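Numbering of the sequence shown is given in UniProt numbering, commencing with residue 1 and proceeding in unit increments. No residue lacks a Cβ here, since even glycine has one placed at the ideal position from N, Cα and C. The model shown is predicted, which means the values in this text are computed figures rather than measured ones. Worksheet: one structure, shown below.
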Amino acid sequence: MKMTRMITAVEAHAEGEGGRVITGGMPVLKGNSVFEKMRYLEAHHDDIRLLMLREPRGNPALCCNAIVPPCDPSADAGFIVMEQTEYAPMSGSNAICVTTVLLETGIVPMVEPVTTLRLEAPAGVIEVRATCKDGKVERVAFENVPAFVAHLDVPLDVAGFGTITASIAWGGMWFVIADASEFGIDPVAENGAASVRAIEAMRHAAAEQYPVRHPDNPDLTGPTIGQIIAPPIDPATHGRGAISVSSGPFDPLRPDALTGALDRSPCGTGTCAKMAVLHAKGELGVGEDYINASPIGTKFTGRIERITQVGDYDAIVPSLSGRGWISGVAQWMLDPSDPFPEGFTIGDIWG
Ligand SMILES: O=C(O)[C@H]1NCC[C@@H]1O
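This is the structure we're talking about:
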């Protein structure tokens, strides 16, 4: 058998959201921080992201991670998040998948009943606390990078929907957030396609009308991801919503094309951005839990730990917890005669 790549990946999911974790076969990534390594990967080996996420090895709802040596001396491991249209600087579901894989495969020693570790994401170092029993990671909690609101309740012209009210907030990724009622959509699983179309149109509009940059790293621009939010159905939760992870460019001339896939989890960075908005509106205080539900009913528990400042922005330090599971181990290969070294997309499920 001939091969130009052989990648070992532990397949995992966090509350339903697929997060493939590459544990072997990555090239050496140069850089003085995991952020720089991420940019090196993007510039020199973006084919790996495309190979692992597109067909025939991937699907529109899949995320992929590479475990890399950390650069921050205090960190136990680093990870780079690969998504369909971007390298996410931070990701809640992926941090949970990475932690579960690191501990359950022995890359980082598991200590029961609680393992604490520090992970260097491109957006910064996060403190992780994993509850473990009998070799299994039962729950992963982490303190996220600070979250803040750049624009609160501003008018946004969305193609096909008119002027809506939306907010732009950072939670580790840049989000545009609006009430689902602005679109007349209930963000339940069966309305997934309608939710994706509305969110992708909104994200496209927000990127044009409210471009934003992170004050500490101007290379982190957005918004790159959107969510619609709604009151809870499950009385054990505080809210729910749908987040669309883009899988291709939105084209206003083809508004029916599905250019994203819903996050199957409640989205960790999205929950943190949402908590920053709720805090800015006086609807969520420090120390209060916020249990957010996904369209498939899975939950993340968020909390505002304390208040801080990011540049000129008032910010929250959020924590988040959820569960992850390993679903398989795969050796992915690329034969030099394979006509699709960067995978492919097709309009039936990729827009
Ligand atoms: O949990 C999160 O933050 C994410 N899930 C997929 C898209 C985001 O990175």
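Query, Result
"Is the Cβ-Cβ distance between Ala276 and Ala147 less than 7 Å?", "yes"
"Within 6 Å: the Cβ of Asp263 and any heavy atom of ligand 1?", "yes"
"Have a look at Ala193 and Pro187 and give me their C-alpha separation to the nearest angstrom.", "10 Å"
"For Met333, which residues from the same chain have a beta carbon less than 6 Å from its beta carbon, with the 5 sequence-adjacent residues on both sides left out?", "Met3, Met6"
"Should Glu11 be listed as close to ligand 1, given that the test is whether its C-beta is under 6 Å from any heavy atom?", "no"
"Return the CA-CA distance between Asn32 and Gly322, expressed in angstroms with no decimal places.", "30 Å"
"Let me confirm a value: Phe175 is counted as buried when at least 16 other C-beta atoms fall within 10 Å, else exposed. Which label applies?", "buried"
"Considering only the alpha carbon of each residue, which of Phe142, Val145, Val114 lies closest to Cys132?", "Val114"
"Give me the Cα-Cα distance between Thr224 and Met202, rounded to the nearest whole angstrom.", "10 Å"
"Can you name the residues that DSSP bridges to Gly192?", "None; Gly192 has no bridge partner."
"Classify Leu258 as buried or exposed, calling it buried when 16 or more other Cβ atoms lie within 10 Å of its own Cβ.", "buried"
"Just to confirm, does Val21 get its C-beta within under 6 Å of one of the non-hydrogen atoms of ligand 1?", "no"
"Cutting at 6 Å between CB atoms, please list the residues of its own chain near His45, excluding the five before and the five after it.", "Pro27"
"Going by beta carbon distance, what residues of the same chain come within less than 7 Å of Val21, once the five residues before and after it are set aside?", "Ala9, Val10, Ala12, Asn65, Ile67, Cys97, Val98, Val101"
"Kindly indicate which three-state DSSP category Val28 falls into: helix, strand or coil?", "coil"
"Ignore the nearest five residues each way along the sequence and tell me which others in Asp335's own chain have a CB closer than 7 Å to its CB.", "Lys2, Met3"
"For residue 371 and Pro318, I'd like the C-alpha separation in whole angstroms.", "Outside the shown range of the chain, which is 1 to 351, sits residue 371, and nothing can be said about it."
"So, at 7 Å on beta carbons, what are the nonlocal neighbours of Ile80 in its own chain, with the 5 sequence-adjacent residues on each side left out?", "Val34, Lys37, Met38, Leu41, Asn65, Ala66, Val68, Tyr87, Pro122"
"So does Cys272 have its beta carbon nearer than 6 Å to some heavy atom of ligand 1?", "no"
"Distance check for Ser265 and Glu138, CA to CA, integer angstroms please.", "16 Å"
"Below 6 Å, is the gap between the Cβ of Glu120 and the nearest heavy atom of ligand 1?", "no"
"Give the range of the beta strand (DSSP E) segment to which Asp47 is assigned.", "Per DSSP, Asp47 belongs to no beta strand (DSSP E); it is in the alpha helix (DSSP H), 34–53."
"If I follow the unbroken beta strand (DSSP E) through Leu156, where does it start and stop?", "147–158"
"I'd like to confirm the pairing. Which residues does DSSP put opposite Thr8 in its beta bridges?", "Gly24, Gln331"
"Leaving aside the five residues before and after Asn144 along the sequence, list all residues of the same chain whose C-beta is less than 8 Å from its C-beta, in chain order.", "Met90, Gly92, Ile126, Gly171, Gly172, Gly268, Thr269, Cys272, Val317, Pro318, Ser319, Leu320"
"Quick one: grab the DSSP three-state call for Asp314.", "strand"
"What residue range is occupied by the uninterrupted beta strand (DSSP E) comprising His214?", "212–214"
"Can you list, in chain order, the residues of its chain with a C-beta nearer than 7 Å to that of Ile229? Leave out the 5 residues immediately preceding and following it.", "Ile177, Asp179, Ala180, Gly239, Gly241, Lys274"
"Alpha carbon to alpha carbon, how far is Val286 from Arg306?", "6 Å"
"With a Cβ-Cβ cutoff of 7 Å, do Gly160 and Pro255 count as a contact?", "yes"
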